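Chemist:
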Amino acid sequence: MTRLQTLFLCAWLVVWTGLAWLMLTPRPPVAPVSDKIVHFAVYLTMTAFALSFSRSQLSIAGTATLTAMLASLLEYLQGFVPGRSFDPADLLANGAGIASGWLLAATLLLLAPHPLARSTD
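Following my numbering, the numbering of the sequence shown begins with 31 at its first residue and continues without gaps.
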């Protein structure tokens, strides 16, 4: 992994920390749009961003799988936070965003492989 890829991975982990805080805080900021759209967009972005530090289809698939596991865990844990609840519809929006982000990243890697894509994981 290059220094730049490591930097992107660190940024991704920092964003995850903020996302976990937002999902587990009792009174999160309210978006002016449907929270399902927010869930979809956030998880699409988190998954597609894997392209910045992943070098292969397998790495992107692994990142999508990890993202799905973390999204599910965070959604489940919301059921234990006062004022929050577990919402299966949020989980579906998360999953749709993750799948879309995975397809986007995988397609971009196939159509316009960057120089790092040639190296092995």
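In this text, a Cβ means the ideal position worked out from N, Cα and C, and glycines have one as well.
Please read all numbers here as calculations on a predicted model, not as lab measurements.
1) Would you decide whether residue 101 is buried or exposed? Buried here means 16 or more other CB atoms lie within 10 Å of its CB.
2) What do you get for residue 74, buried or exposed, if any count of 16 or more other CB atoms within 10 angstroms of its CB means buried?
3) Give the secondary structure of residue 64 by DSSP, where H, G and I count as helix, E and B as strand, and everything else as coil.
4) Mind the definition here: the segment 82-94 touches the segment 121-138 only if three or more C-beta pairs lie below 8 Å; say whether that holds.
5) Among 37, 104, 66, 142, which residue has its Cα nearest to the Cα of residue 122?
6) Using C-beta distances below 6 Å, list every residue in its chain close to residue 128, excluding the 5 sequence neighbours before and after it, in chain order.
7) Mind checking residue 115: buried by the 16 CB within 10 Å criterion, or exposed?
8) Within 10 Å of its beta-carbon, does residue 136 have 16 or more other beta-carbons around it, so buried, or fewer, so exposed?
Modeler: Taking the definition as stated:
1) buried
2) That one is buried.
3) Residue 64 falls in the coil class under three-state DSSP.
4) Yes, the segment 82-94 touches the segment 121-138.
5) Closest option to residue 122, Cα to Cα, is 66.
6) 73, 77, 94, 97, 98
7) exposed
8) buried
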